[in-house]
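Chemist: Next up is a structure, given as structure tokens.
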Amino acid sequence: MAKTITAPRGTRDLLPEETQAWDQVEAVARDLARRYAFERIEIPLFERVELFARGLGESSDAVEKEMFRVAGAKGSNEEAAPWALRPEPTAGIVRAFIEHGMHVRPGPLRLTLIGPMFRYDRPQAGRYRQFSQWDVEVIGDAGPAVDAELIELGHRFYAEVGLTDVVTRINSIGDAECRPLYREALIHYFAANEGRLSEDSRRRLRVNPLRVLDDKELAPDLAADAPRGIDHLCGSCREHFDAIRALLDALGVRYELDHRLVRGLDYYTRTAFEFYVAGREGQQQALGGGGRYDGLVEVLGGRPTPGIGLGIGLDRTILAMEEQGVALPARAPLIAVLGTGDDHARRLGIAATLREAGVVVRPDGSSRKLGKQLESASKAGARWAVIVGEAEAVALKDLASGEQRDAVSIEEVVAAVSE
Ligand code: AMP
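Going left to right, the sequence shown walks through residues 242 to 660 as my numbering numbers them.
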């Protein structure tokens with residue numbers, strides 16, 4: 242036998258018993274996107290490396306350590322092509338916004354997508370090299386109402402998939418006016434304690450000191466006493482943040498302030514938020530998060546336009562649902578259509594009629610004895626068996642009780658199995 246080939250490290254196959262939860266979570270996401278008036282957008286799975294380098298910042302983990310690079314075909318001019326699989330969707334969506342001149346459309350634009358993201362990271366539980374996100378972006382709205390709306394949307398999503406104890410954390414990291422002062426304060430504070438920082442943090446200290454705050458190796462006492470973003474906000478950033486908090490209070494969305502929550506990407510501004518399961522907080526535990534990026538459109542070559550996004554990790558949402566034992570909606574009952582001999586035209590015909598009525602049908606394609614077909618139907622989880630014969634009418638067998646009714650019309654079958 243030939244040697245078997247396994248899936249690449251950090252990827253997962255989702256087998257049929259797992260996809261039911263995915264279907265449910267994606268259905269909730271799509272329905273919320275509809276109710277919150279987001280329009281679907283699709284962008285490529287790979288983009289130029291430069292887009293991410295500029296959009297997310299050279300010092301972000303996604304660019305510095307986790308870029309999943311893609312090469313062109315061997316021998317082509319593009320063998321060493323500068324592409325990367327998308328680590329997140331915002332940069333690509335903003336690129337598309339600029340490329341298609343979408344700023345002329347009546348805004349603010351509300352865009353959504355569901356799809357895979359890629360980060361070449363060390364795989365572990367809840368951290369994969371390919372994972373899926375539900376993403377929403379609002380481009381052209383400076384907030385603060387839309388900030389509160391997206392936080393409320395995240396909060397609602399977790400409730401609608403059935404998760405409990407999801408905690409919302411928020412912070413403000415200021416803007417181009419006040420962030421420089423905050424950066425200085427952080428550099429000053431951490432430089433005095435440089436010897437206690439991790440190697441990563443020491444390297445980042447002067448390039449991106451906000452990232453030192455979300456270093457999981459940061460000593461708790463150093464973290465607790467570190468300068469706080471909200472103490473360094475300029476007047477307009479403070480007003481913006483206070484307004485979001487008042488709106489969340491009015492909406493009854495509970496949240497915690499988290500001074501260590503920084504979206505450490507260069508062009509992110511003001512609002513940062515994340516969702517966790519209570520008691521499971523930690524670096525790998527964020528279920529989703531988002532933030533404002535008022536500088537990003539300009540950095541990518543468009544005219545200055547505010548924006549904000551929310552990215553929900555579907556893999557971790559589903560892991561949390563499993564941990565909490567969230568019940569999934571019952572599947573529609575399965576109906577097997579069986580027959581005798583080679584009456585497949587009849588079986589397929591009856592199956593088609595039942596499907597037109599919305600019933601879930603699996604015809605037996607074999608010419609085995611009826612008893613064998615019934616056995617397979619039960620094993621496959623069928624709730625009913627429809628047994629076709631010569632006559633127009635069929636027999637309907639309840640596979641749970643074993644009870645059988647003969648000479649039943651198709652309408653009667655539909656009525657019985659739809660109860
Ligand atoms: P981020 O843009 O890093 O905040 O990611 C948004 C969400 O995507 C996170 O809160 C996670 O739920 C999810 N996520 C990020 N990276 C991974 C990964 N490597 N594996 C699985 N889920 C991830």
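By construction, the Cβ of each residue, glycine as well, lies at the ideal position given by its N, Cα and C atoms.
Inspect the beta-carbon positions of Gly529 and Gly552 and report whether they are closer than 9 angstroms.
Modeler: Yes, Cβ-Cβ distance for Gly529 and Gly552 is below 9 angstroms.
Chemist: In this structure, how does DSSP classify Pro347 when only helix, strand and coil are distinguished?
Modeler: If DSSP states are grouped into helix, strand and coil, Pro347 belongs with coil.
Chemist: Could you spell out the range, first to last residue, of the beta strand (DSSP E) harbouring Lys399?
Modeler: Before going on, a small fix: residue 399 reads as Tyr here, not Lys. Element bounds for Tyr399: not the beta strand (DSSP E) but the alpha helix (DSSP H), Ala386 to Val402.
Chemist: Hey, out of Asp302, Val269 and Leu615, whose CA is closest to Ser442's CA?
Modeler: Closest option to Ser442, Cα to Cα, is Asp302.
Chemist: In the DSSP assignment, find the beta strand (DSSP E) that holds Phe309 and state where it starts and stops.
Modeler: Careful: Phe309 lies outside any beta strand (DSSP E) and carries neither H nor E.
Chemist: Only counting the same chain, and skipping five residues up and downstream in sequence, which positions put a Cβ closer than 6 angstroms to that of Ala618?
Modeler: Contacts found: Ala577 and Ala626.
Chemist: Would you check if the distance between the CB atom of Ile549 and the CB atom of Gly384 is smaller than 9 angstroms?
Modeler: The answer is yes: Cβ separation under 9 angstroms.
Chemist: Using only the alpha-carbon positions, how far apart do Asp535 and Ile334 sit?
Modeler: Approximately 14 angstroms, taken between the alpha carbons.
Chemist: Using a threshold of 8 angstroms, is the CB atom of Phe372 nearer than that to any non-hydrogen atom of the ligand AMP?
Modeler: Yes, the beta carbon of Phe372 sits closer than 8 angstroms to at least one heavy atom of the ligand AMP.
Chemist: Taking Ile380 and Phe338 to be in contact with their CB atoms under 8 angstroms, please state how far apart those CB atoms are, rounded to whole angstroms.
Modeler: Sure, about 6 angstroms apart at Cβ, within 8 angstroms.
Chemist: Report whether the distance from the Cβ of Tyr508 to the nearest heavy atom of the ligand AMP is below 8 angstroms.
Modeler: No - the ligand AMP has no heavy atom lying nearer than 8 angstroms to the Cβ of Tyr508.
Chemist: Ordered along the chain, which non-local residues of its own chain (more than five positions away) have a Cβ less than 8 angstroms from that of Glu288?
Modeler: Cβ neighbours of Glu288 beyond the five flanking positions: Trp324, Ala325, Arg327, Ala332, Gly333 and Arg336.
Chemist: Should the region 563 to 575 be called in touch with the region 537 to 546, which here means at least 3 C-beta pairs below 8 angstroms?
Modeler: Counting Cβ pairs under 8 angstroms, fewer than three are found: no touch.
Chemist: Assuming Arg209 contacts Tyr496 (C-beta within less than 8 angstroms), just tell me the rounded distance between them.
Modeler: Outside the shown range of the chain (242 to 660) lies residue 209, about which nothing can therefore be said.
Chemist: Only counting runs of 3 or more residues, tell me where the beta strand (DSSP E) segments fall wholly within the region 255 to 333, in order along the chain.
Modeler: Listed in chain order, the complete beta strand (DSSP E) runs (minimum 3 residues) inside the region 255 to 333 are 287 to 289 and 324 to 326.
Chemist: Give a single yes or no on whether Gly554 has its beta carbon closer than 8 angstroms to a heavy atom of the ligand AMP.
Modeler: Within the cutoff, so yes.
Chemist: Using a Cβ distance threshold of 8 angstroms, determine whether the region 386 to 399 contacts the region 504 to 520, with at least three qualifying pairs required.
Modeler: Yes, the region 386 to 399 is in contact with the region 504 to 520.
Chemist: Lys315 and Tyr361: beta carbons closer than 9 angstroms?
Modeler: No; because the gap between Cβ atoms is not below 9 angstroms, this pair is not in contact.
Chemist: Is it buried or exposed, Asn412, if we count other Cβ atoms within 10 angstroms and call 16 or more buried?
Modeler: Burial call: buried.
Chemist: Under 8 angstroms: does the beta carbon of Phe398 sit that close to some heavy atom of the ligand AMP?
Modeler: No - the ligand AMP has no heavy atom lying nearer than 8 angstroms to the Cβ of Phe398.
Chemist: Express the C-alpha separation of Val658 and Gly622 in angstroms, rounding to a whole number.
Modeler: So the alpha carbons of these two residues sit roughly 14 angstroms apart.
Chemist: Which residue comes first and which comes last in the beta strand (DSSP E) that contains Ala634?
Modeler: Unbroken run through Ala634: none, as it is neither H nor E.
Chemist: Nearest by alpha-carbon distance to Ala237: which of Leu422, Pro421, Leu446 and His396 is it?
Modeler: Outside the shown range of the chain, which is 242 to 660, sits residue 237, and nothing can be said about it.
Chemist: Would you check if there are 3 or more beta carbon pairs closer than 8 angstroms linking the region 369 to 376 to the region 465 to 481?
Modeler: They do not touch, by the three-pair rule.
Chemist: Report the rounded CA-to-CA distance for Ile628 versus Asp639, giving the unit in angstroms.
Modeler: Taking the straight line from one Cα to the other gives about 11 angstroms.
Chemist: Please confirm whether any heavy atom of the ligand AMP lies closer than 8 angstroms to the CB of Asp406.
Modeler: No.
Chemist: Among the residues of its own chain, which have a CB less than 6 angstroms from the CB of Leu492, if the five just before and after it don't count?
Modeler: Glu393, listed in sequence order.
Chemist: Please report the residue range of the beta strand (DSSP E) in which Ser673 lies.
Modeler: For residue 673 there is no data in the structure shown, the boundaries of the chain being 242 and 660.
Chemist: Flag this pair as yes or no: are the beta carbons of Leu459 and Arg501 separated by less than 9 angstroms?
Modeler: Against a cut-off of 9 angstroms, the Cβ pair of Arg501 and Leu459 comes out as a contact.
Chemist: Suppose the cutoff is 7 angstroms on Cβ atoms and the five residues either side in sequence are ignored; what does the same chain contact list for Ala598 look like?
Modeler: Excluding residues within five positions, the ones whose Cβ falls inside 7 angstroms are Val655.
Chemist: My output table needs one value for Pro461: the three-state DSSP class, helix, strand or coil.
Modeler: Three-state DSSP puts Pro461 in a helix.
Chemist: Since Ala270 and Ile355 are thought to touch, with beta carbons under 8 angstroms apart, how far apart are those beta carbons, to the nearest angstrom?
Modeler: Right, the Cβ-Cβ distance comes to about 6 angstroms (below 8 angstroms), so this counts as a contact.
Chemist: Within the same chain, show all residues whose beta-carbon is closer than 7 angstroms to that of Ala321, passing over the 5 residues directly before and after it, in chain order.
Modeler: Correct list, in chain order: Ala312.
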